[in-house]
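Q: Sequential numbering from 12 applies to the sequence shown in the numbering used here.
Idealized CB from N, CA, C, for every residue including glycine.
Here the structure is a predicted model, which means the values were calculated and not measured.
Just passing along the structure, written as structure tokens.
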Amino acid sequence: MHTLPYGRQWIDESDIEAVTSVLRSDFLTQGPMVERFERALCEAVGAHHAVAVSNGTAALHLAAMALDLGPGKMLWTSPNTFVASSNCALYCGADVDFVDIELETGNMDMAALSKKLATAKRKPDVVVPVHFAGQSCDMAALGILKEKYGFKVIEDACHAIGGWDAQGRKVGGCAVADLAAFSFHPVKVVTTGEGGAVTTNDKTLADRIALLRTHGITRDPIFMDSKADGPWDYHQIELGLNYRLTDIQAALGFSQLSRLEDFVTRRNELAHRYDDALIGFPLIPLKVRKGVRSAYHLYVVHLNDPSHRRLAFEALRKEGIHVQVHYIPVPSQPYYRHLGFRAEDFPMALSHYAGALTLPLYPAMSNDDQDRVVETLGRVLGAIA
12 MHTLPYGRQW IDESDIEAVT SVLRSDFLTQ GPMVERFERA LCEAVGAHHA VAVSNGTAAL
72 HLAAMALDLG PGKMLWTSPN TFVASSNCAL YCGADVDFVD IELETGNMDM AALSKKLATA
132 KRKPDVVVPV HFAGQSCDMA ALGILKEKYG FKVIEDACHA IGGWDAQGRK VGGCAVADLA
192 AFSFHPVKVV TTGEGGAVTT NDKTLADRIA LLRTHGITRD PIFMDSKADG PWDYHQIELG
252 LNYRLTDIQA ALGFSQLSRL EDFVTRRNEL AHRYDDALIG FPLIPLKVRK GVRSAYHLYV
312 VHLNDPSHRR LAFEALRKEG IHVQVHYIPV PSQPYYRHLG FRAEDFPMAL SHYAGALTLP
372 LYPAMSNDDQ DRVVETLGRV LGAIA
């Protein structure tokens with residue numbers, strides 16, 4: 012029987028044709044396809060500007076750099092995330108701290124954020140809310156706190172393209188955030204193979220990110236600090252990086268974006284089928300807040316008895332159901348423990364991790380495959396109990 016991964020890409024003939032057309036063209040990188048992809052992404056999320064980059068980690072790093080995060084500055088984010096959400100601050104020489112989560116959603120708890128802001132001696136310069144599993148954080152509450160305390164916001168939207176918040180605003184449209192970071196890894200909602208992007212409504216920030224992704228080098232006379240020697244000339248304005256996306260990847264992303272709505276609709280259909288099928292099981296699915304449209308990058312449940320998680324994980328994998336766990340709390344990682352963090356200081360993230368299990372969900376998954384997951388999960392949990 013075939014293996015069911017927790018997530019995977021959906022590639023069709025139009026995607027293959029888009030990629031091969033670039034392979035037959037004059038430009039494999041630094042050509043016109045990247046700009047076409049960026050324009051399509053702006054339209055998809057409702058932002059004014061988009062800068063395509065090599066991956067989601069690069070997107071977060073460049074967003075932090077664009078906001079001048081550095082030594083003496085502080086970034087706060089969720090402990091329930093991949094390490095890139097906090098590493099981006101450390102790359103810049105800044106400090107990092109965490110705000111605990113809501114157990115029901117896995118997202119940053121805005122009440123906890125408000126309390127921490129009121130009591131912390133050192134306030135954040137940047138807050139990074141992570142739209143965990145595809146569900147937007149409470150951006151309205153975050154916007155109120157942003158206005159009160161004056162911090163900048165980078166949305167970690169790597170899970171959530173195609174979703175919207177409780178006010179109906181598209182994730183990545185930057186209605187509240189200064190910048191949003193996306194990932195296009197194959198398990199994400201749309202893919203470029205590896206890839207990412209930053210969106211913003213601030214042209215100055217977009218121009219700086221575009222500069223930083225290409226070594227800090229420009230050929231545009233507008234940004235040069237002296238007259239060019241000739242049409243061959245270029246100036247390095249800042250210390251940047253090579254975080255470019257290729258035209259091959261951009262072509263795949265452009266093609267995928269044309270089916271974004273289909274992808275998210277199917278993910279929601281599968282999630283709702285899980286919701287119905289798992290009633291009565293000894294577990295609780297993550298809750299989606301009223302008015303929010305989740306992109307359902309992940310379908311995560313909490314087992315009622317966390318001590319059953321490892322047995323269930325191993326038994327399901329033996330039967331070809333490749334469940335996963337999202338996430339190990341960042342403060343519990345050895346690198347962060349050496350920085351002085353303790354997972355015990357974030358009890359909701361620790362509680363989430365203890366019983367979390369991610370079930371397979373991806374648009375190409377058939378109803379029959381999903382029924383197999385449900386049947387196997389029920390049988391496994393019944394045997395453990």
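Between Gly184, Val110, Val299, Asp189, which lies nearest to Val164 when the distance is taken from Cα to Cα?
A: Stepping through the sequence shown from its first residue, residue 164 is reached at position 153. Comparing Cα-Cα distances from Val164 to each of Gly184, Val110, Val299, Asp189, the minimum goes to Asp189.
Q: In angstroms with no decimal places, state the Cα-to-Cα distance between Tyr285 and Met85.
A: Numbered from its first residue, the sequence shown carries residue 285 at position 274. Numbered from its first residue, the sequence shown carries residue 85 at position 74. Roughly 40 Å separates the two Cα atoms.
Q: Quick one: is Glu24 buried, meaning 16 or more other Cβ sit within 10 Å of its Cβ, or exposed?
A: One-based indexing of the sequence shown puts residue 24 at position 13. By the beta-carbon neighbour count (other beta carbons within 10 angstroms, threshold 16), Glu24 is exposed.
Q: Residues bridged to Ala85 by DSSP?
A: If you number the sequence shown from 1, residue 85 lands on position 74. Before going further, note that residue 85 is Met rather than Ala in the sequence given. Beta-bridge pairing links Met85 to Asp106.
Q: For Ile228, which residues does DSSP report across the bridge?
A: Locating residue 228 in the sequence shown gives position 217, counting from the first residue. Per DSSP, Gln247.
Q: Which residue from Arg35, Asp382, Gly331 puts its Cα closest to that of Asp258?
A: Taking the first residue of the sequence shown as position 1, residue 258 is located at position 247. When each option's Cα is compared against that of Asp258, the closest is Arg35.
Q: How would you call Ala81, buried or exposed, if buried means at least 16 neighbouring beta carbons within 10 angstroms?
A: As a first step, residue 81 is located in the sequence shown; it is residue number 70 there, counting from the start. According to the sequence displayed, residue 81 carries Gly and not Ala. Exposed, since its Cβ has fewer than 16 Cβ neighbours within 10 Å.
Q: With a 10 Å radius around its C-beta and 16 neighbouring C-beta atoms as the bar for buried, classify Asn315 as buried or exposed.
A: As a first step, residue 315 is located in the sequence shown; it is residue number 304 there, counting from the start. When all chains shown are included, Asn315 counts as exposed.
Q: Less than 8 Å between the beta carbons of Ile112 and Pro90, yes or no?
A: Within the sequence shown, numbered from 1, the residue matching residue 112 stands at position 101. Within the sequence shown, numbered from 1, the residue matching residue 90 stands at position 79. Yes, these two residues count as a Cβ contact at 8 Å.
Q: Over what stretch of residues does the beta strand (DSSP E) that includes Ala123 continue unbroken?
A: Along the sequence shown, read from residue 1 onward, the residue named residue 123 stands at position 112. For Ala123, there is no enclosing beta strand (DSSP E); the residue is part of the alpha helix (DSSP H) that begins and ends at 121-130.
Q: Determine, using beta carbons only, whether Ile339 and Tyr364 come nearer to each other than 8 Å.
A: Reading the sequence shown from its first residue, position 328 is the one you call residue 339. Reading the sequence shown from its first residue, position 353 is the one you call residue 364. Result yes, Cβ atoms of Ile339 and Tyr364 sit closer than 8 Å.
Q: For Asp176 and Val303, which I take to be in contact (beta-carbon distance under 8 Å), what is that distance rounded to the nearest angstrom?
A: Position 165 of the sequence shown, counted from the first residue, corresponds to residue 176. Position 292 of the sequence shown, counted from the first residue, corresponds to residue 303. With 8 Å as the limit, Asp176 and Val303 qualify as a contact, their Cβ atoms being about 6 Å apart.
Q: Any idea what DSSP makes of Tyr397, helix, strand or coil?
A: With the chain covering 12 to 396 only, the question about residue 397 has no answer from this structure.
Q: Which same chain residues end up closer than 8 Å to Leu271 when comparing Cβ atoms and leaving out the 5 residues on each side of it in sequence?
A: Residue numbering aside, residue 271 sits at position 260 when the sequence shown is read from its first letter. Within the same chain, Leu271 has close Cβ partners Ala55, Ile172, Gly173, Val200, Val201.
Q: Roughly how many angstroms separate the alpha carbons of Gly291 and Ser147, rounded to a whole number?
A: To locate residue 291, count along the sequence shown from 1; it is residue 280. To locate residue 147, count along the sequence shown from 1; it is residue 136. For Gly291 and Ser147, the distance between alpha carbons rounds to 27 Å.
Q: Which word fits Glu166, buried or exposed, when buried means at least 16 other C-beta atoms lie within 10 angstroms of its C-beta?
A: The residue labelled residue 166 in the question sits at position 155 within the sequence shown. Flag for Glu166 reads buried.
Q: Starting from the Cα of Tyr373, find the closest Cα among Val138, Leu281, Tyr254 and give me that residue.
A: The count along the sequence shown starts at 1 and reaches residue 373 at position 362. When only C-alpha atoms are compared, the closest one is Leu281.
Q: Can you list the alpha helix (DSSP H) stretches of 4 or more residues lying completely in the segment 122-202, in chain order?
A: 150-160
Q: Specify, as a first and last residue, the run of the beta strand (DSSP E) that Pro296 falls within.
A: As a first step, residue 296 must be located in the sequence shown, where it is residue number 285. Start and end: 294-296.
Q: May I ask you to report which of helix, strand or coil DSSP gives Gln20?
A: Counted from its first residue, the sequence shown places residue 20 at position 9. In the structure shown, Gln20 sits in coil (DSSP, three-state: anything other than H, G, I, E or B).
Q: Please determine, among Phe234, Val341, His337, Asp213, the residue with the shortest C-alpha to C-alpha distance to Gly145.
A: Within the sequence shown, numbered from 1, the residue matching residue 145 stands at position 134. With distances taken between Cα atoms, Gly145 lies closest to His337.
Q: Distance, Cα to Cα, Leu297 vs Ser343?
A: Sequence index remark: in the sequence shown, residue 297 carries index 286 (1-based). Sequence index remark: in the sequence shown, residue 343 carries index 332 (1-based). Rounded to whole angstroms, Leu297 to Ser343 spans 22 Å at the Cα level.
Q: According to DSSP, is Tyr338 helix, strand or coil?
A: The sequence position of residue 338 within the sequence shown is 327, counting from 1. Coil at Tyr338, not helix or strand.
Q: For Val312 versus Ser305, is the C-beta spacing smaller than 8 Å?
A: The residue given as residue 312 occupies position 301 in the sequence shown. The residue given as residue 305 occupies position 294 in the sequence shown. Going by C-beta atoms, Val312 is not nearer than 8 Å to Ser305.
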